[in-house]
Structures are given as structure tokens and as C-alpha cells.
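Under the numbering used here, the first residue of the sequence shown is numbered 47, with each subsequent residue one higher. Note that the Cβ used here is the ideal one computed from N, Cα and C, for glycine as well.
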Amino acid sequence: MANPLFRRGFHRGTGDPTHSQTGDVLEIVLPGESTNTHARQLHVCQSGDVNSDWNIAAQSHPTLYLHSVTTPITDYLRLGGHDGTTAYADVVGGTTLALQIAGTSHFTVAASAIAHSAANSGAVTSLDVTNTSDDSGAGARIRVAAGGSSATLDALFSALETSGHEITIGIDTSANTGVIAMDATLGSADGDAVRITDATPPVITYNAAHPTGTFDYVCGTCGQHGGEMFACCGLVEWHDDVAALAPVLAGLVGERLTGNEPAVRHLAKLGVMEVTPGDLPGEEDKNWVGIRLDAAQWFTWSAMHQLYNRITALEAKLVTA
């Protein structure tokens, strides 16, 4: 009987009878004697390339090489090499590994990018990470990391609308600051909307560079406002900030704001609040009611300044009385 170590090529093995009626399996056998590690390589190439000097180092474990027709010596896909811990799919002489469905590339891996891109009409393309365990230590996380505080680029997540609108959440590595930005990059005086310092506890700051101005005079048509009288598209009158805020506070009785309250609508016109109709099915009669923290702060300070002026004027009258 031939030494099984020297069998090579296709082989009919007995297999494991517990997995089939006969136990027969078809095996591709590489010699793989302890002194002949080169034989652990299986090369697939066109007939004109047989007996080529592949110039590939000996492998410790069976490995499959799929060679290109154009430059078979240097360009090939290496599969296998399983060492009991790790197995390999290695694109040698190329730049990209692409997974296709029905001839279309849907998932590609390159040296600096992993991408999933394909037309998916009428459906949602998603990336799902699920830990199906529900024990006390179970969790799930997607994590991105840059090279450290000296890295020139940031660790971030982005959501992009194809016409150019983009929101980015990440770490500004040069400042060790968490940032939410309406921009493709972090650290911009114009693009950063929120910054969060790496302190204990963290300190949150909001971009307040918008020329919100004061609310002493307001256009009744468009809501434009300022600290002095100005000409606008409608009647500009003195605006009592405290009086405008009072009915909003009076309406806070534990019920959800609808956005249809006249006082809320007024503050929305001034840019202090935001009222936007819902755009999801079933929410046509609901509004998104939000508060613009930077504008609300300026509005509060403007109201305080008006009160200060009134108190000062009242004190002056009391002194002369």
C-alpha cells in the first residue's frame, strides 16, 4: 500500500461515516511531507504558465493561489494558510478585494478603505452590528480611532446628503475635543456646531457666532430684530422681550407643546424657537418644536438688559422723588 504521505491530486477518502452513508469524500491532496513544505501550495493558472518559478516562500499550511492571466507571477489571490488561529485572503499585486453578487461589486476592501456601495432601489442599505446575547455583560459597539493626539486627521462619523449637506461627529485629535459639525471636517470656527471638552465632567459649548443681535426692535412681518430702529419689510416696533416670553412660560403646564401656540410661533419667528411640520407618515398633524440654545441665551440676556434699563430708570425716579 502506498504511503499516504505521498498521495497527491484528487483522492477518494473514506471520510467520516457519521456524516454520510458511505463515508466517501473527494479530497485534493498535497504531499506536504515535513521536508517538502513547498508542496503545500496549490496553484491555479492557465496551461501556458505551468512549471513557472512562482517565487513564493514555503508555506506551513496548505494554501491556494489563484493567478491572473496578465501577470501570473506577481498578481494572484492567496487563500488559506490556516494556522489554527488565522486564515488569510490576500490580494497580491493588486489593490482591492471585491465581493460580488450577480456580477456586481457590493463590498470592497482596500488598504485604506472598506466600502459597501450599490444601487438598492426601493430599499434601505444598512450596516448592522448585533450582539444576540442578552446576558449582563452583553453589548455592541462601533469604534473608530485615529493614531493619537499627534495625528493630523480626526476619528469621525459622517452622514452625507449627496448635494453636499453633511453632519460629522467625532474627535478633533489636535484639540482632544468632541465635536458635532455641519461640515466634512472638525475644528472649523464656522462648521463646528457643538464642542465637548475632555474634562471631568465634560464642558459643552455651542457655536454662538451667528449675529443674533438683541431683540429691542422687531419686524412684525419677518421677525428681523436689532438693538436700534431699522427699516424692514413690515412694521418695526419696540419689542418687550419679557412680555413675549411670559405667555410661553404660562403655557407650560406639563402638556406637550404643539407648536401652534401663538407665543411659541412668535418666538419661532424671532429665531429663538423652531417649529417644523412633521414629515413622517402619521405625524402630519404634529410639529417638531425645538429651542435654539444660542439664540435663546441671547434672547434671555436681551430681556435681562431691558429689565436692567427699566430698574435703572425707576431708581433714578425714586432718587429725584
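ask   = Using the beta-carbon count (16 or more within 10 Å), is Arg302 buried or exposed?
value = exposed
task = Starting from the Cα of Asp325, find the closest Cα among Met319, Trp334, Gly317, Val318 and give me that residue.
result = Sorting Met319, Trp334, Gly317, Val318 by C-alpha distance to the C-alpha of Asp325 places Trp334 at the top.
query = Quick one: any contact between the region 291-302 and the region 270-279, if contact means 3 or more CB pairs under 8 angstroms?
reply = no
key: Alpha carbon of Met47 to alpha carbon of Ser114, nearest angstrom   = For Met47, the pLDDT reaches just 41, beneath the cut-off of 50, and the residue's location in the model is therefore unreliable, although a value from the coordinates is still provided. If you take the alpha carbons of Met47 and Ser114, they lie about 39 angstroms apart.
ask   = Hey, would you say Leu88 sits closer than 8 angstroms to Ile102, going by beta carbons?
value = no
query = What is the C-beta distance between Asp136 and Ser106, in whole angstroms, given that I count them as a contact (C-beta under 8 angstroms)?
reply = With 8 angstroms as the limit, Asp136 and Ser106 do not qualify as a contact, their Cβ atoms being about 15 angstroms apart.
key: 7 angstroms Cβ shell around Ala342 - same chain, five flanking residues per side excluded   = Cβ within range, chain order: Val318.
task = State the DSSP-derived secondary structure class of Gly193, mapped to helix, strand or coil.
result = Secondary structure at Gly193: coil, using DSSP grouped into helix, strand and coil.
ask   = Where does Met350 sit, in a helix, a strand or coil, going by DSSP?
value = helix
key: Rounded separation between Ala192 and Leu360 - CA only   = 59 angstroms
ask   = Within this structure, are the beta carbons of Leu125 and Thr141 separated by less than 8 angstroms?
value = no
message = Taking the beta strand (DSSP E) that Val138 belongs to, which residues open and close that run?
response = Here the beta strand (DSSP E) through Val138 covers 134-138.
query = Where do the ends of the beta strand (DSSP E) carrying Leu206 lie?
reply = 201-206
ask   = Along the chain, where does the beta strand (DSSP E) that runs through Ala227 open and close?
value = 223-227
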